[in-house]
Amino acid sequence: MWPWKDGAMRRRLLLLRSLLCLVPALVAPTFGSRPRLEDFSPRIVEHPSDLIVSKGEPATLNCKAEGRPTPIVEWYKDGERVETDKEDPRSHRMLLPSGSLFFLRIVHGRRSKPDEGVYVCAARNYLGEAVSRNASLEVASEWGPGGLREGVSCV
Ligand SMILES: *[C@@H]1O[C@H](CO)[C@@H](O)[C@H](O)[C@H]1NC(C)=O
Numbered sequence: 001m002w003p004w005k006d007g008a009m010r011r012r013l014l015l016l017r018s019l020l021c022l023v024p025a026l027v028a029p030t031f032g033s034r035p036r037l038e039d040f041s042p043r044i045v046e047h048p049s050d051l052i053v054s055k056g057e058p059a060t061l062n063c064k065a066e067g068r069p070t071p072i073v074e075w076y077k078d079g080e081r082v083e084t085d086k087e088d089p090r091s092h093r094m095l096l097p098s099g100s101l102f103f104l105r106i107v108h109g110r111r112s113k114p115d116e117g118v119y120v121c122a123a124r125n126y127l128g129e130a131v132s133r134n135a136s137l138e139v140a141s142e143w144g145p146g147g148l149r150e151g152v153s154c155v
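Going left to right, the sequence shown walks through residues 1 to 155 as full-length UniProt numbering numbers them.
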């Protein structure tokens with residue numbers, strides 16, 4: 001054995017070992033910075049409840065969803081997407097930042113009953129979608145208990 005050769009071999013092994021030690025350090029940052037690992041599909045953590053409201057009164061259907069990235073919340077009434085102030089600034093329905101649906105006033109006419117129905121909220125991100133339980137919004141009868149409204153006079 002020549003001692004110089006032994007030394008060269010050792011240096012080479014040490015170099016190899018330090019290179020191998022670098023591997024996790026080189027790989028880890030790319031791995032760790034991938035946010036996808038922490039992402040998760042939406043889940044509804046607060047479901048809307050059935051509501052009975054009076055015509056002309058404000059109302060709120062609650063919905064709260066978790067997910068990563070933060071899911072986009074949409075509302076459906078009787079299976080059709082509800083248009084809110086996001087699409088039409090004049091809408092009497094507002095999508096609150098929390099995900100809840102707020103009605104400035106419940107619209108309910110003889111022919112047009114746009115607010116009464118069965119609602120669900122749906123939360124979506126790129127990993128999937130979660131749909132809430134059904135919540136029915138019912139407009140209280142004007143002639144029901146305590147339902148005699150202004151504009152009606154009994155002489
Ligand atoms: C929710 O409401 C929709 C539309 O009214 C209906 O088709 C569906 O069966 C309901 N689902 C449940 C779980 O009650």
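C-beta atoms are modelled at their ideal positions from N, C-alpha and C, and glycine is treated no differently.
Residue from the options with nearest C-alpha to residue i
i, options, result
"Ala140", "Pro42, Val53, Leu104", "Val53"
"Gly79", "Ala130, Pro69, Asn134", "Asn134"
"Asp39", "Glu138, Phe102, Gly128", "Gly128"
"His108", "Lys55, Arg36, Thr84", "Lys55"
"Arg36", "Thr60, Leu51, Pro69, Asp50", "Pro69"
"Thr84", "Asp115, Ala8, Glu138, Leu137", "Asp115"
"Ala130", "Gly67, Ser98, Pro97", "Gly67"
Contact belief for residue i with residue j at Cβ below 8 Å, rounded distance in angstroms
i, j, result
"Cys63", "Pro48", "6 Å"
"Ser100", "Thr60", "5 Å"
Own chain residues within Cβ distance below 7 Å of residue i, not counting five before or after
i, result
"Ser132", "Ile44, His47, Pro48, Cys63, Val120, Cys121"
"Arg124", "Pro42, Pro71, Ile72"
"Pro29", "Unreliable placement is indicated for Pro29, whose pLDDT of 47 sits below 50; no coordinate value is reported for it."
Any non-hydrogen atom of ligand 1 within 7 Å of residue i CB
i, result
"Val139", "no"
"Val131", "no"
"Asp115", "no"
"Val118", "yes"
Limits of the beta strand (DSSP E) - the one that residue i falls within
i, result
"Asp131", "At residue 131 the sequence reads Val, which differs from the Asp that was named. It spans 128-131 - the beta strand (DSSP E) in which Val131 sits, taken as one unbroken run."
Cutoff 6 Å; reference residue i; Cβ partners in own chain excluding five residues on either side
i, result
"Leu96", "Phe102"
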